Every structure is written in structure tokens, then in C-alpha cells.
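Protein chains in written order, with this note's numbering: chain G, 109 to 302; chain R, 109 to 302. Here a beta-carbon is modelled for each residue, glycine too, at the ideal position from N, C-alpha and C. This one's a predicted model, so the numbers in the text were calculated from it and none came from an experiment.
There are 2 protein chains.
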Amino acid sequence: MRSAEFDRSHVLEQAMHTFMEHGYAKASMQKLTQATGLHPGSIYCAFGSKKGLFIEAVSFYHQQKLQAFESLFSEDQPVLSSLKELLANTVQECVQNTCAKVCLLTRSLNEIEGQDPEIARLIATNLQQIELSLGEQIARAQRQGEAISDEEPLALARFITMGVYGMRTYAFTNADQSILEQMATQLLRAIEKH
Amino acid sequence: MRSAEFDRSHVLEQAMHTFMEHGYAKASMQKLTQATGLHPGSIYCAFGSKKGLFIEAVSFYHQQKLQAFESLFSEDQPVLSSLKELLANTVQECVQNTCAKVCLLTRSLNEIEGQDPEIARLIATNLQQIELSLGEQIARAQRQGEAISDEEPLALARFITMGVYGMRTYAFTNADQSILEQMATQLLRAIEKH
DNA sequence: GATATACTTGAATGTTCATTCAAGTGCCCT
DNA sequence: AGGGCACTTGAATGAACATTCAAGTATATC
Numbered sequence: 109m110r111s112a113e114f115d116r117s118h119v120l121e122q123a124m125h126t127f128m129e130h131g132y133a134k135a136s137m138q139k140l141t142q143a144t145g146l147h148p149g150s151i152y153c154a155f156g157s158k159k160g161l162f163i164e165a166v167s168f169y170h171q172q173k174l175q176a177f178e179s180l181f182s183e184d185q186p187v188l189s190s191l192k193e194l195l196a197n198t199v200q201e202c203v204q205n206t207c208a209k210v211c212l213l214t215r216s217l218n219e220i221e222g223q224d225p226e227i228a229r230l231i232a233t234n235l236q237q238i239e240l241s242l243g244e245q246i247a248r249a250q251r252q253g254e255a256i257s258d259e260e261p262l263a264l265a266r267f268i269t270m271g272v273y274g275m276r277t278y279a280f281t282n283a284d285q286s287i288l289e290q291m292a293t294q295l296l297r298a299i300e301k302h
Numbered sequence: 109m110r111s112a113e114f115d116r117s118h119v120l121e122q123a124m125h126t127f128m129e130h131g132y133a134k135a136s137m138q139k140l141t142q143a144t145g146l147h148p149g150s151i152y153c154a155f156g157s158k159k160g161l162f163i164e165a166v167s168f169y170h171q172q173k174l175q176a177f178e179s180l181f182s183e184d185q186p187v188l189s190s191l192k193e194l195l196a197n198t199v200q201e202c203v204q205n206t207c208a209k210v211c212l213l214t215r216s217l218n219e220i221e222g223q224d225p226e227i228a229r230l231i232a233t234n235l236q237q238i239e240l241s242l243g244e245q246i247a248r249a250q251r252q253g254e255a256i257s258d259e260e261p262l263a264l265a266r267f268i269t270m271g272v273y274g275m276r277t278y279a280f281t282n283a284d285q286s287i288l289e290q291m292a293t294q295l296l297r298a299i300e301k302h
């Protein structure tokens, strides 16, 4: 036996960046080999295909985001504070001038539409998982008597989720921080109790 | 002299559908020649390049949407009714199982990010124009004493715009009509007076 | 240290792509 | 009626693409 010479996480990190920067179609194998330092043969050995690498990169991204989400919504803090922070972080990402401004999931979902149902389903599932987690947090906020609307928690979670998707696309037309912050405020106000 | 044998509008309509169905990158010249009935030479003669055809198709789409917008917001109807109708129409588009479910502008903006600033700027300008028109209508609603928030009209317009972008991406994860309708209701409620 | 077993290498493959262009065709103006 | 011009045609072009594979190389085991 002989173990692989590359660090899989590191390779996925670089591939993820390449897909975020160029999108799926325009991230050529040449760019991917340059970014990861792997030769084509190694990528095909380790991931099967460009699509296989993409799927793993998407999952990698998803895991990162999910982890960030869960560490943000810790038990000993009001849910609404965490949610505010989540939106503030999203705004910060959107105004960056790096590939960090794009959400690999939403961007790829837009790109892939009508092309590859398998990838589309995977991304949709990933996004729904975060939406579901948010729903649980909102339910907790209601139980804890925070100043939040008493609508169905999942409906509120969907609304916030939709808002985040909208902000990300909106930021492509106008990446103005104060405008995005205002949107975040409007979104929060919409789910507050009144 | 000799006039072109094809109808430019018809060609743009078909090209538009092709780009909506496959996206910019995956709409190959072969697909475009089949859809438009034009030969490559004719396309290059009439539009210069695939990019040129895309830019005109995007403008064509934009004009259609702008026209639909302006005929929806007629003077003799409350703005809030028209807005409700606009959102209902958006929901209807999103739940279709044809290429009509995608907005060529927002989808392409997502796809093109980081690839072609010229196209990105064009699309952003188009989207901002609709946002601006919406702002004018919201200002009119306020003047006419409709039950709408007294925040800055442009801020309200941005919020609705963001909501529509968000719904379109959300629909890719879950094209459930009742869920999208609920989102539309939530969006409207957020800009109502209370 | 020898051998087997994987992993690595990167040039080669065949396909698909956007684009070009020279030949062909029909229309308009005189 | 006929000459000239612009549009049409579609095969040809070369670049870029994802993918493959045979040769090379390092490591683990004995």
C-alpha cells in the first residue's frame, strides 16, 4: 500500500474556491488542477470526474456553513441576537470583493437549473437542511418568549431564508453595505412580534 | 440592397428561450442555430457574436418585463393591488415546469458573476430600472394614502425586489405554490402600514 | 533489499465549442 | 434586363474542453 500524497480537505478547499470564483461550467479542469496542485489523473482517481469533485466541494461548503450556523445559535444567547448576527455576517460576505461574496449553493443552483437534476437535488437538500435548522431555532425563540411573531416557525424560517437568497442576488446588482444592512433590518422587523 | 430574411424579434424570442432554458454558457451555438433557424454566419452577421446575441436577448427580455410591469401598474388602480398581482404572477412563473420559471436577468447575473463585468453591469442596470419604477409606484401609493409603510419608497422597493429575487432562487429548492404564495403575503405585510 | 501495490504523472485522445469565410443566392436599383 | 451588393449557407478551423492511460515512482511488507 501507499497512501495518497495530498490532503483531501485542502484539495476540496481549493476546488471549492475555484468553483465559487468561476462557477461550475467555467471552472475548467485546467483551473482545477492549478488550484489544487493535483494532476488530472489524480483528480479522476480520487473523485471520479469533474462532477464528482464538484459534488464533494459543494458538500464541503455545506458542512462549513452548517457548522458556522450551529456555533452561532448557541443555547445561551437569544435566538434573535444570533439571527441578527447571521444576517450581519451575510452582509459582510456580500460586500467582499472576493469569491467569498458568493454562496456556492445558491449560485450553483441558479447555474445548474435545467441541466443536472442530481446536482440540483443535492444542493436543494443542503439548503433545506439549513432552513430546517433555522426553523428549530425560531421555534425555540417562540418557546423562550422572545419578541418574535407567533406564525408557524417554518414559515418564518422560509421567509428569512428567502431573504438571504434575495440579498445575495441583490448584492450582485448593488453591493452597498448600508443598503444591505437596511434589508437585513427590514427582514428582522418582518418577523418580530407586533 | 437586400433586406434580411428573418424577423429579428422572432429570432430574439427564440434565442431568449434558449438562454433561459440552458443558461448562457450551456446555450451552444448549435442549440441557438437550431432554435432560431439561422445559420452561424447569419447570427454572426446580425449580432456579431454569441455574446452580442445574448446581450440583445437580455434586452429583449428586459423590455418585455418592463412593459408587463408598466401595464400592470395603471393609474386607476391601487398600487397595492397591482403589487399583489405582480407577486402572484411571479409565483405563477416560479411553479411552471417550463423555462418560464426562470428570470433570465437574475439567473444570468448569478451565472456571469466574476466572468464578464460588461454583461453584469448591463443586467444590473436593467434590474435597477425596474426597481426604480417600483419605487415610483410606491411613492404614488404613499401620496394616495394607501395602507403602506411611510419608510423611504426606494427602501421599500428594494425590499420587494430582494423578495422577488429570493423567491426565484427559493423556488429552485421547493416550487410549492402555497409556500410561495405565503412568502408573497409575508412580503406584502412587511411593507404595509401598521 | 526485493517485490508487489498503489499512487502520480502529463502527454495524448476525441469531442465540443465559438467563430470564420469563400461560394452561392436572391433582391434592388438603374 | 442586368449588374452589383448584401445576405445566406454550411463546411472548415483551431482552440479549449473533459477524460484516459501507459509509463514512472514511491512506499509498505516480507
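### Query
Do the region 132-148 of chain R and the region 210-223 of chain R make contact, defined as three or more Cβ pairs closer than 8 angstroms?
yes
#### Entry: C-alpha gap between R:G243 and R:M137, whole angstroms
39 angstroms
### Message
Which residues of the region 210-222 of chain G have a Cβ closer than 8 angstroms to any Cβ of chain R? Give them in chain order.
### Response
V210, T214, R215, L217, N218, E219, E221, G222
### Query
If you follow the alpha helix (DSSP H) that R:H130 is part of, which residue opens it and which one closes it?
116-134
### Task
Starting from G:E221, follow its DSSP beta bridges and name the residues at the other end.
Partner(s): none; G:E221 has no beta bridge.
### Task
Whole angstroms is fine: what's the gap from G:V272's alpha carbon to G:P148's?
36 angstroms
### R:F168 vs R:S241 beta-carbon contact at 8 angstroms
no
### Query
Mapping DSSP to helix, strand and coil, what is R:E260?
coil
### is_contact[G:K134, chain R] using C-beta, thresh 8 angstroms
yes
### Whole-Å CB distance - G:L140 paired with G:L161, under 8 angstroms assumed
7 angstroms
### Query
So with Cβ pairs under 8 angstroms, would you call G:I227 a contact of chain R?
no
### Task
With DSSP as the reference, label G:E239 as helix, strand or coil.
helix
### Task
Closer than 7 angstroms by beta-carbon distance: list the chain G residues that pair up with R:I287, in chain order.
R266
### Query
For G:E300, does the three-state DSSP call read helix, strand or coil?
strand
### Enclosing alpha helix (DSSP H) for G:F181 [first to last residue]
That residue, G:F181, is in no alpha helix (DSSP H); it is neither H nor E in DSSP.
### Message
Would G:C153 pass as an interface residue toward chain R - the criterion being a Cβ-Cβ separation below 8 angstroms?
### Response
no
### Query
In or out: R:T214 buried (at least 16 other Cβ within 10 Å) or exposed?
buried
### Query
At a Cβ threshold of 8 angstroms, is R:C207 touching chain G?
yes
### Task
Output, in chain order, the set of chain G residues within a Cβ distance shorter than 7 angstroms of R:A247.
Simply none; closest approach about 17 angstroms.
### Query
Just checking, does the region 191-198 of chain G make contact with the region 190-208 of chain R on the three C-beta pairs under 8 angstroms criterion?
no
### Query
Given that a residue counts as buried once 16 or more other Cβ atoms are within 10 Å of its Cβ, and exposed if not, what is R:E239?
buried
### Query
Can you check whether the CB of R:E254 is closer than 8 angstroms to the CB of R:L188?
yes
### Message
Our contact map puts G:T126 next to G:A154 with C-beta atoms below 8 angstroms; I'd like the distance itself, whole angstroms only.
### Response
G:T126 to G:A154, Cβ: 15 angstroms. No contact.
### Residues of the region 179-193 of chain G whose Cβ lies closer than 9 angstroms to any Cβ of chain R, in chain order
none
#### Entry: Assigned exposure category for G:H118 - 16 Cβ within 10 Å defines buried
exposed
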